[in-house]
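Have a look at the structure below, then the notes.
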Amino acid sequence: MFISKLWRLGAQASKGLSKAPLTIPSRRSFFPIVQNDSLDASSRKLFSTTNSQEENEDKQKISVTFFDKDGEQEIKVLIGMSMLEATHENDIELKGACEGSLACSTCHVIVMDVEQYNKLEDPTDEENDMLDLAFGLTETSRLWCQVIAKPELDGLRLALPAATRNFAVDGYKPKPH
Ligand code: FES
């Protein structure tokens with residue numbers, strides 16, 4: 098008796114359910130599709146990753162210009178990178194015989210503006226000792242391997258000395274004949 102009553106109740110409930118309209122939301126209402134050409138330029142820029150990535154990469158670089166007898170050449174240097182390394186990557190004719198171990202002065206450069214020179218970290222005593230051996234030393238001379246790119250150095254202008262003193266990395270200096 099009790100079981101048959103339950104069975105009837107269940108049957109009525111399932112009938113009621115089958116009468117109710119079954120509505121399944123369309124996929125479109127879950128994920129509205131936005132046509133690309135309906136976006137204005139600023140919205141497209143907002144969703145685009147390529148342009149903003151390039152802009153970010155550019156923001157992480159500074160520009161440095163070298164001047165020598167053949168003209169000028171501008172390079173982009175990643176912030177935090179050794180200036181000498183960046184210079185070599187860009188095929189600028191600047192030696193660096195000891196590869197930054199302060200055992201030569203072949204990476205000697207001259208900062209063209211005093212104001213820019215003052216933005217560089219002060220040279221260490223070791224750098225000053227090696228600078229004393231550099232050919233054509235000036236008040237704004239630096240050993241390029243000791244300078245690390247930082248945002249304040251953006252726009253740095255450098256002259257490459259016409260010559261470097263050519264001595265061996267171990268400090269041996271050839272005597273004049
Ligand atoms: Fe030798 Fe800079 S590369 S001192």
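Each residue of the sequence shown is one higher than the last, beginning at 98 in the working numbering.
Note that CB positions come from ideal geometry on N, CA and C, so glycine has one too.
Beta-carbon gap between residue i and residue j smaller than 9 Å
i, j, result
"L240", "P220", "yes"
"L191", "L175", "no"
"L253", "S160", "yes"
"M227", "L199", "yes"
Length of the line joining the Cα atoms of residue i and residue j
i, j, result
"G197", "E224", "10 Å"
"K158", "Q170", "16 Å"
"A231", "D251", "25 Å"
"F164", "H205", "13 Å"
"E186", "K173", "10 Å"
"V211", "N153", "30 Å"
"C242", "E151", "28 Å"
"S202", "V208", "15 Å"
"D167", "G177", "29 Å"
"K156", "S149", "10 Å"
"V266", "D229", "Only weak support exists for where V266 lies, its pLDDT of 40 falling under 50; the value from the coordinates is given anyway. When rounded, the distance between both Cα atoms is 15 Å."
"G233", "D188", "23 Å"
"T162", "C195", "23 Å"
"V131", "G193", "With a pLDDT of 49 at V131, under the threshold of 50, the predicted position of this residue should be treated as unreliable, though the coordinate-derived value follows. In a straight line, the C-alpha of V131 is about 56 Å away from that of G193."
"D222", "T235", "16 Å"
Whole-Å CB distance - residue i paired with residue j, under 8 Å assumed
i, j, result
"Y214", "T237", "4 Å"
Quiz item: Counting only runs that start and end within the segment 214-263, where is the beta strand (DSSP E) found for 3 or more residues in a row?
Solution: 238-240, 253-256
Self-check item: the segment 241-250 in contact with the segment 208-219 per 3-pair CB rule at 8 Å
Solution: yes
Exercise. Please go through the segment 142-199 and give each complete alpha helix (DSSP H) segment of 4 or more residues, from N-terminal end onward.
Key: 147-156, 180-186
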